[in-house]
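Encoded as structure tokens, the structure appears first; notes follow it.
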Amino acid sequence: MSVALVACLVGPWGMLAVWWVRSSVPGQKVNAELLGGLPVSDRGVIRGKPGPWGQLECSTVFTELPTNGGNTDTLPPNRWAFGKATREAALTVLRKAGVTPTQLQTLARSEAWKADPDGVLWLHPSADSVLSLTAEVRASLYSALEQIGANRPLRKRYACAVDRVDEWCRDSGLPEQYVRLFRHLLYRRDGYYVFEDLSSALSTIPSPQLQRLFVRMVTRQESIMANLVVLPSSDVEQISAYWEVGRQSKGLKELLRALRRLPGGGKVDVTHLLPPLARDLMHAVPHDSAPTSTSARADASGTWTSLNFFLAVPDQRFLDPILASKELQSKYTPLERPKRLGDLIVFMDANNNIVHMATYLAQDLVFSRVGDASGYCWVITTLDSLVGRFQVEHSPLRFRVAFSRSLQL
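Quick note on my numbering: the sequence shown kicks off at 1082 and runs consecutively.
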């Protein structure tokens, strides 16, 4: 979204309640495949603190592109922009990042450098040059390149928390040498392992089948599988009131009562408690070739998703930032923190631009896409995980603001 949207938001309400980030720093529907979570205590299942939503039991899985996914035909070539700098100045940037003299000698070859019509200097490094960089150099160099605007649309990052990297590449179907290559190309940033050298890595993999497997591994996404635990002592009235907010849900209270009558109680997947659109989108992978009338469009952003959360038929006008801002003005009020199902969380950058939205579910769980590009599926994730990954993979976030929507839908 643009700065204009921020002005529309701040104008009508004056000072917004700011919720600071704790971190320091639509086509045919295709569902992502699920991979089991880490075998931690009790098989990785964590039971949360009870609230008005009841009690949730959560485990982490990794979603993966479907078997026919992993397209490698449209990957951009390796190239780094150095702005309107001289070649010597660009080499200084490389040197400061820790590139060795031998590597610099290879990169300094004249055929690797080109200036575009706007005077921006570009380096086209060979795959071998990219693969030879150490993790430390990679982290320093890519951080420097990120400061140059021309690089941002080209740098596609994939990130995973450092304690989850084994699960990220587990059971990929790849020969071990390519898993080792993947690990070699990782670098650390803000508590995450980051990978962004897909083109270079694929150049070393001989067959299209193995390349697709590699892409499917790299693009895996963490997702929370959440169950509502209904105990014999559970307050069915309170729980159903929480999950039915903003709509009339058929049979929810009766289902909860039936689960409560079971010896020891029972469980229900939280996905079944969500509005129809969210249920339909869960783990769906959008496509660039999607018809505009379908829900899982490639351009269906986090903003589009959040504003359509309670609607049975998605309103495609919310793809327009101006119309989205009008919706926020007319049906939302700012909150200190999200409190109920459907509350909206708006993420902003250092320039007060709105860059992403997510929908609050319960506890610390939100529903969204971590990115707006094709290949990102819709998932349930924790708020901290969403913030951390978004900052590493896309752009720094300065703060977040919560909004409560009108329930006159």
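C-beta: ideal position from N, C-alpha, C; glycine also.
Bear in mind that the values here come from a model prediction, so they are computed numbers and not experimental data.
Item                                                                                                                                                                  : Value
Out of P1402, W1385 and D1401, which one is the CA nearest neighbour of V1394?                                                                                        : W1385
So the candidates are K1165, L1255, P1158 and F1143; which of them puts its Cα closest to the Cα of L1235?                                                            : P1158
Would V1246 pass as a contact of Y1274 if the rule is Cβ separation under 8 Å?                                                                                        : yes
If you follow the beta strand (DSSP E) that I1305 is part of, which residue opens it and which one closes it?                                                         : Q1302 to V1311
Run through DSSP, which three-state label would G1469 get?                                                                                                            : helix
State the Cα-Cα distance for the pair V1310 and G1179, rounded to the nearest angstrom.                                                                               : 52 Å
List, from N- to C-terminal side, the beta strand (DSSP E) runs of 3 residues or more that fit wholly inside the segment 1386–1454.                                   : 1413–1416, 1425–1429, 1435–1443 and 1446–1449
Within 10 angstroms of its Cβ, does V1243 collect 16 or more other Cβ (buried), or is it exposed?                                                                     : exposed
For V1121, collect the residues of the same chain with a Cβ closer than 7 Å to its Cβ; drop the 5 residues on either side in sequence, then sort them by chain order. : With a pLDDT of only 34 at V1121, under the threshold of 50, the placement of this residue in the model should not be trusted, and no figure is reported.
What separation, rounded to the nearest whole angstrom, lies between the Cα atoms of A1162 and E1227?                                                                 : 9 Å
Mind reading off the beta-carbon distance from L1446 to W1324? Whole number of angstroms is fine, and I expect it under 8 Å.                                          : The Cβ separation is near 13 Å, so there is no contact.
From T1463 to D1430, what does the alpha carbon distance come to, in whole angstroms?                                                                                 : 20 Å
Please classify Q1228: does DSSP put it in a helix, a strand, or coil?                                                                                                : coil
Rounded to whole angstroms, what is the Cα-Cα separation between W1459 and T1183?                                                                                     : 44 Å
Who are the near neighbours of R1160 in its chain, counting only those whose CB is closer than 6 Å to its CB and skipping five residues on each side?                 : W1203 and H1205
Which partner residues of K1177 appear in the DSSP bridge assignment?                                                                                                 : BP columns for K1177 are empty, so no partner.
Taking the C-alpha atoms as reference points, what is the distance between A1381 and M1438?                                                                           : 12 Å
Under 8 Å by Cβ, that's how I've got S1476 and V1436 pegged, so tell me the actual separation to the nearest angstrom.                                                : 6 Å
Taking the C-alpha atoms as reference points, what is the distance between V1351 and I1320?                                                                           : 12 Å
By the 10 Å Cβ neighbour count, where 16 or more other Cβ atoms means buried, how is E1217 classified, buried or exposed?                                             : exposed
Quick check on the burial criterion: 16 or more other C-beta atoms within 10 angstroms. Buried or exposed for A1443?                                                  : buried
Looking at P1419 and A1483, is the spacing between their C-beta atoms short of 8 Å?                                                                                   : yes
Would you decide whether K1130 is buried or exposed? Buried here means 16 or more other CB atoms lie within 10 Å of its CB.                                           : exposed
Just the C-alpha distance for A1208 and L1255, rounded to the nearest angstrom, thanks.                                                                               : 20 Å
On a Cα-Cα basis, can you pick out the residue from A1307, L1416 and L1404 that is closest to F1448?                                                                  : A1307
From F1295 to L1354, what distance separates their C-alpha atoms?                                                                                                     : 35 Å
Rounding to the nearest angstrom, what Cα-Cα distance links V1106 and R1342 in this structure?                                                                        : Because V1106 sits at a pLDDT of 31, beneath the cut-off of 50, its placement in the model cannot be relied upon, and the point is left open.
Around the C-beta of A1405, are 16 or more other C-beta atoms found within 10 angstroms, so that it is buried, or is it exposed?                                      : buried
Sort G1132, P1133 and E1138 by Cα distance to V1126 and report the nearest one.                                                                                       : E1138
Considering only their Cβ atoms, is the gap separating Y1223 from E1169 smaller than 8 Å?                                                                             : no
Would V1451 and D1271 qualify as a contact pair, given that the criterion is a beta-carbon distance under 8 Å?                                                        : no
Where does the unbroken beta strand (DSSP E) through E1138 begin, and where does it stop?                                                                             : Q1136 to E1145
Using a Cβ cut-off of 8 Å (strictly closer), state whether T1463 contacts chain D.                                                                                    : Given the protein chain composition of this structure (a single chain), no chain D is represented.
Taking the beta carbon of A1196 as the centre, do at least 16 other beta carbons fall within 10 Å, making it buried, or is it exposed?                                : exposed
Which one or two residues does DSSP pair with I1127 in a beta bridge?                                                                                                 : C1139
Look at S1042 and D1424 and say whether their C-beta atoms are less than 8 Å apart.                                                                                   : In the structure displayed, the chain extends from 1082 to 1490; residue 1042 sits before or after that span and is not available.
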